[in-house]
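Going by the working numbering, the first residue of the sequence shown is number 442, and it counts up by one from there.
Taking it in order: structure first as structure tokens, then the write-up.
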Amino acid sequence: MLCCWNSGFVGVAGILEKAEKAEKSGEVGCPNLQENTTMSGGKQMMEDYENKREVALRIAIEAGVLEQCEDHDECVFEGGEEIKQAYILANSKYSAGEIEGVFVDRPEMTNIIKEVVEDHPASDCPLCDKNKSD
Ligand SMILES: [Zn+2]
């Protein structure tokens with residue numbers, strides 16, 4: 442096993458002894474190594490997912506399915522178009538290779554677009570609405 446246990450020469454017996462102790466205490470493998478692997482793996486997956494959602498959001502906005510408030514970048518709400526317009530646009534981009542490497546395949550792409558659109562059910566910018574009613 443290549444991890445911090447191997448730093449410094451402890452010999453095979455030493456490594457086995459450490460492994461045995463770790464096993465008894467309930468640790469599996471090198472704790473530092475495990476933590477790093479889990480964390481970076483999870484983070485990478487989250488970043489991928491965020492990136493996919495970001496691309497899906499851009500497509501939905503470009504297709505007019507969602508609208509982004511001019512005053513509030515973070516506010517995205519329903520545009521006037523049917524969601525299928527976003528699928529059509531996404532598929533043409535996919536075919537043109539414009540979003541290569543973002544989605545695993547077309548079904549994943551349409552799933553995430555659907556998800557992103559459903560996540561923004563407001564019909565107006567809530568912040569603008571708030572300002573108006575003030
Ligand atoms: Zn707004």
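Virtual Cβ for every residue (Gly too), placed ideally from N, Cα, C.
Quick caveat: nothing in here was measured; it's all calculated off a predicted structure.
Pull up the CB-CB distance for residue i and residue j, whole angstroms please, since I reckon it's below 8 Å.
i              : j          : result
alanine 504    : valine 557 : 12 Å between Cβ atoms; not a contact.
isoleucine 524 : lysine 573 : So it is not a contact: roughly 27 Å between Cβ atoms.
Measure the CB-CB distance between residue i and residue j and report whether it falls below 8 Å.
i              : j             : result
isoleucine 500 : glutamine 509 : no
glutamate 519  : proline 562   : yes
alanine 531    : threonine 551 : yes
Take residue i and list the residues in its own chain whose beta-carbon comes closer than 6 Å to its own, dropping the five residues that flank it on each side.
i              : result
asparagine 477 : Residue placement at asparagine 477 cannot be trusted, given a pLDDT of 48 that sits under 50; the coordinates are not used to answer.
Less than 7 Å between the CB of residue i and some heavy atom of ligand 1, yes or no?
i             : result
leucine 507   : no
histidine 561 : no
leucine 568   : yes
aspartate 512 : yes
With a threshold of 7 Å on Cβ separation, who are the neighbours of residue i within its own chain once the five nearest residues in sequence on each side are excluded?
i              : result
isoleucine 540 : Val496, Lys534
glutamate 559  : none
Out of curiosity, what's the CA-to-CA distance linking residue i and residue j?
i                 : j              : result
glutamate 458     : methionine 486 : 35 Å
glutamate 515     : aspartate 489  : 20 Å
aspartate 546     : tyrosine 528   : 13 Å
phenylalanine 544 : cysteine 569   : 33 Å
arginine 494      : lysine 571     : 27 Å
Suppose the cutoff is 8 Å on Cβ atoms and the five residues either side in sequence are ignored; what does the same chain contact list for residue i look like?
i             : result
glutamate 522 : Ala504, Gly505, Val506
aspartate 512 : Cys566, Leu568, Cys569
glutamine 526 : Ala504, Gly505, Val506
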